[in-house]
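Counting in our numbering, the sequence shown runs from 1 upward without gaps. Report on one structure; see the data block that follows.
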Amino acid sequence: MRALLLCAGLLVAIPAGATEISWSVKNGFPVFKNADAFQDIKKLWPASAPASEFLAGRDAKWFRDHLPKTHETLWNPSSGLYDKQALFSRQHVIAVQATGAPQNSTCRWYLNNVLQGLPVSCDSTTDITISRDNQSIPLRVEVSGGESAKTDVFVKTYTILALGDSFASGEGNPDRAAVGSSRPTDDLVKGRNILREGGMSDKLFTQGADWWDTTCHRSLLSWQSMYALKLAVSDPHLVVRFASFSCSGAETYDGFFRAQMQPPVKNISSRVAKWPERDGGNYLELTPVHSGEKPQQARSNTVMLNKSQLNAAINLLCPETPYHDSQKDYGREVTTLIGRKYFGVVKFDGCPKKLMPVDEVLMSFGGNDTGFSGVVKWGLVPTGIYPTSLSTSKNPILATVGKGANMGKQYWMNKMRVVLGVIDPDDAAKASKTYLGRIYDDMNEALVDNLSIDPRKVRILLYPNPLKTPFQPYCEARLNMGNIAMTEKVVYYMGGLFPKNAKAFMFLINEQNALKIENDFIEKLRADQLAAIKSTKWQAVDSQPAFDGRAICSVSPECSGSGVCPYAERFAWTRGGEKKDDHPSMDPITSFARWEPYSSERTRGLRTANDAFMTLARFNSDGDLMDDWFRGSVHPDAKAHSAIADHMSLPKVEELPQK
1 MRALLLCAGL
11 LVAIPAGATE
21 ISWSVKNGFP
31 VFKNADAFQD
41 IKKLWPASAP
51 ASEFLAGRDA
61 KWFRDHLPKT
71 HETLWNPSSG
81 LYDKQALFSR
91 QHVIAVQATG
101 APQNSTCRWY
111 LNNVLQGLPV
121 SCDSTTDITI
131 SRDNQSIPLR
141 VEVSGGESAK
151 TDVFVKTYTI
161 LALGDSFASG
171 EGNPDRAAVG
181 SSRPTDDLVK
191 GRNILREGGM
201 SDKLFTQGAD
211 WWDTTCHRSL
221 LSWQSMYALK
231 LAVSDPHLVV
241 RFASFSCSGA
251 ETYDGFFRAQ
261 MQPPVKNISS
271 RVAKWPERDG
281 GNYLELTPVH
291 SGEKPQQARS
301 NTVMLNKSQL
311 NAAINLLCPE
321 TPYHDSQKDY
331 GREVTTLIGR
341 KYFGVVKFDG
351 CPKKLMPVDE
361 VLMSFGGNDT
371 GFSGVVKWGL
381 VPTGIYPTSL
391 STSKNPILAT
401 VGKGANMGKQ
411 YWMNKMRVVL
421 GVIDPDDAAK
431 ASKTYLGRIY
441 DDMNEALVDN
451 LSIDPRKVRI
461 LLYPNPLKTP
471 FQPYCEARLN
481 MGNIAMTEKV
491 VYYMGGLFPK
501 NAKAFMFLIN
511 EQNALKIEND
521 FIEKLRADQL
531 AAIKSTKWQA
541 VDSQPAFDGR
551 AICSVSPECS
561 GSGVCPYAER
571 FAWTRGGEKK
581 DDHPSMDPIT
591 SFARWEPYSS
601 ERTRGLRTAN
611 DAFMTLARFN
621 SDGDLMDDWF
631 RGSVHPDAKA
641 HSAIADHMSL
651 PKVEELPQK
């Protein structure tokens, strides 16, 4: 008891007015114009929490309501550039508060010994604008009836430049996913022609999808964006300047070095056009039209973006207006893998002043260069057909008719594989082994010479193996019924050639083909990447852990037993079709309203064609379906992107260099 009284006496003896100053930057992610958008995220994302934990507590409606729309960010979709003056502004608003001040006291705030406005209640926070970052500024508070306090305000900044392809842009994960209706799906069988239906695809949707940048299918739910946001919420005194030029479909020489041809969406931004001159250089090597004449740039009749990712980055980092500077010949141009082109002459922009420094570059390149999606299609797009029952008839005439019908189906199947850009794994692996190291060397040289990037600041994605054999039971059946939308896509774009044969197409990856894709391409690509990354001194971001236990057709235990399969795990729209497996994992989604695109409970890590259709569907003003939803097929979901971001170590803010 005596000890307790002594302790109580000590507590009474301590002055109650031990005032301390707490402060934080209001907008730690200035690519958002409004600090409230950042604060909405920060309130729900504790400083030490992983991105996956933040994502797990949100659903598509929350993202639709809270993620800033394009015009609420510094990105200009018409120019393909950012408001760099705003992004690199050294002026910041900080929220300050005096803790430990007596109740009902008033505070006078002084920044650099200059009084900041009128006295305010010490019980609330006060906004103060500072005019410079990366410098120490004295802050003092005088408290009525209490102790004064002082501290130094030092706002640190960290600039992240993001470049890359669909694995970088967040393909498959629009900021505002499509919203499904309650209309039943039980008639959505193969051959239903749902892509030809009326407004909002025959009332299957109530709202269409929308992106941070629709043209490139760039999302704030990509691993690049979530990594940057995770860093921004980790320290109240840090400002993360984030700018991404990633674009779905980008390749190294068709995207990074030169303006990308045929971006995902071509008709909503003025930056997509048939430009008279391609930014970053010609598509073919510069060749004289006539002997002895100056080489002329080859023309193109296709639409393309107005800027290469490299020149867009130069524009971002240049304090003034860039100019057309120089060109470099990366060697004889090579064409391979269904028209992919490497090397040749590239044109660079220049800057009259020193570029703004970059602290970290996040990239994903090489997958499209080596035909990754085409290889997946090699396994997914059917090689075989469901034979007609007549072909096994004991009647020789009927059997002959049936075999003829099978041959017709197989002919159109082979033709379809060519149209869809199927690439043999062996051909892709050969291209990777032959060219990937040189491609990465060229990119590294450009980053060093044109952006002054230290190679050790570059982090590049190591592509995953999302197949992960051996498959679970009923895997092939789930993929077949989960890709009805892919069948409809083929029927829609091949016109009247084979709609009657649509039910004969099996869009699935069997285990034998999956093994070949894994062993003969993906593992070799990853090995080639690692060797090239080591040569450039970049850092690898291994995306494989994001797919551990999340293979392309994985389901939870509830779907493997005799229980009820959760809606988040379901693949099929209907029990119709050629396979009617009575298994929980084949239970259909009864309506698109039941689909939650960003469920943290979903086991599979890649989106099926059905998933992509329900998540990415966009519509014009007349309610007609746009065709870019298909690009989301066989791409990671947001849960996988968050896991990639969590696998990356954050820089230690206290160890960031002085600027």
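Each residue gets a CB set at the ideal place from its N, CA and C atoms; glycine is no exception.
At least three beta-carbon pairs within less than 8 Å, the stretch 84-96 to the stretch 128-136: Look at the beta carbons and you see the stretch 84-96 touching the stretch 128-136: at least three pairs across the two are nearer than 8 Å.
Alpha carbon of arginine 618 to alpha carbon of aspartate 210, nearest angstrom: 7 Å
First and last residue of the uninterrupted beta strand (DSSP E) at glutamine 97: Run containing glutamine 97: 92-99, per the beta strand (DSSP E) assignment.
Residues sharing a beta bridge with aspartate 127, DSSP: Per the DSSP secondary-structure output, aspartate 127 pairs in a beta bridge with Ala95.
Within the stretch 163-227, ranges of the alpha helix (DSSP H) (whole runs, at least 4 residues): 166-169 and 199-203
Contact set for aspartate 59: own chain, Cβ-Cβ below 8 Å, skip 5 residues either direction: Glu596, Tyr598 and Ser599
Proximity below 8 Å, CB of alanine 645 to CB of methionine 226: yes
Within 8 Å, strictly: CB atoms of threonine 151 and glycine 100: no
Rounded distance between the beta-carbons of valine 358 and phenylalanine 257, thought under 8 Å: So it is not a contact: roughly 18 Å between Cβ atoms.
Continuous beta strand (DSSP E) stretch holding alanine 428: start and end: Note, alanine 428: premise wrong, no beta strand (DSSP E); alpha helix (DSSP H) at 425-451.
According to DSSP, residues forming a beta bridge with tyrosine 323: Its beta-bridge partners are Gly350.
Through-space distance from tyrosine 158 to leucine 447, alpha-carbon basis: Spanning the two alpha carbons is a distance of roughly 18 Å.
Beta carbon of cysteine 565 nearer than 8 Å to that of cysteine 475: no
Runs of beta strand (DSSP E) wholly within the stretch 530-564 (minimum 3 residues, chain order): 539-542
Length of the line joining the Cα atoms of valine 653 and leucine 238: 8 Å
Where serine 633 falls, given that 16 or more other Cβ within 10 Å makes a residue buried: buried
Any beta strand (DSSP E) of 3 or more consecutive residues that is wholly inside the stretch 31-104: 92-99
The stretch 514-528 in contact with the stretch 422-434 per 3-pair CB rule at 8 Å: As far as the Cβ criterion goes, the stretch 514-528 touches the stretch 422-434, which means the pair count is three or higher.
Proximity to glutamate 251 [Cα-Cα], best of Ser308, Asp520 and Asp611: The shortest C-alpha to C-alpha distance from glutamate 251 to any of Ser308, Asp520 and Asp611 is the one to Ser308.
Exposure of arginine 332, with buried meaning 16 or more beta-carbon neighbours within 10 Å: exposed
Three or more C-beta pairs below 8 Å linking the stretch 25-38 and the stretch 228-244: yes
Sub-8 Å separation of proline 464 and glutamine 544 beta-carbons: yes
Glutamate 518 versus valine 153 - alpha carbon distance: 53 Å
Residues bridged to glycine 255 (per DSSP): Partner(s): Glu251.
Three-state secondary structure (DSSP) of glutamate 333: coil
Residue from Lys203, Phe167 and Val272 whose Cα sits closest to the Cα of serine 79: Val272
Alpha carbon of phenylalanine 613 to alpha carbon of valine 25, nearest angstrom: 40 Å
Helix, strand or coil at lysine 274 [DSSP, three-state]: coil
Residues near methionine 363 in its chain [Cβ-Cβ closer than 6 Å; skip 5 each side]: Leu163, Gly164 and Ile460
Paired residues, beta bridge with arginine 140 - DSSP: Tyr110 and Lys150
Proximity to tryptophan 275 [Cα-Cα], best of Leu337, Tyr253, Asn306 and Cys247: Asn306
Alpha-carbon spacing of valine 375 relative to glycine 249, whole angstroms: Between the alpha carbons of valine 375 and glycine 249 lies a gap of roughly 15 Å.
Identity of the residue in His647, Val334 and Phe547 nearest proline 636 by Cα: Phe547
Buried versus exposed, by CB contacts within 10 Å (16 or more), asparagine 610: buried
Check whether serine 181 and leucine 195 have beta carbons under 8 Å apart: no
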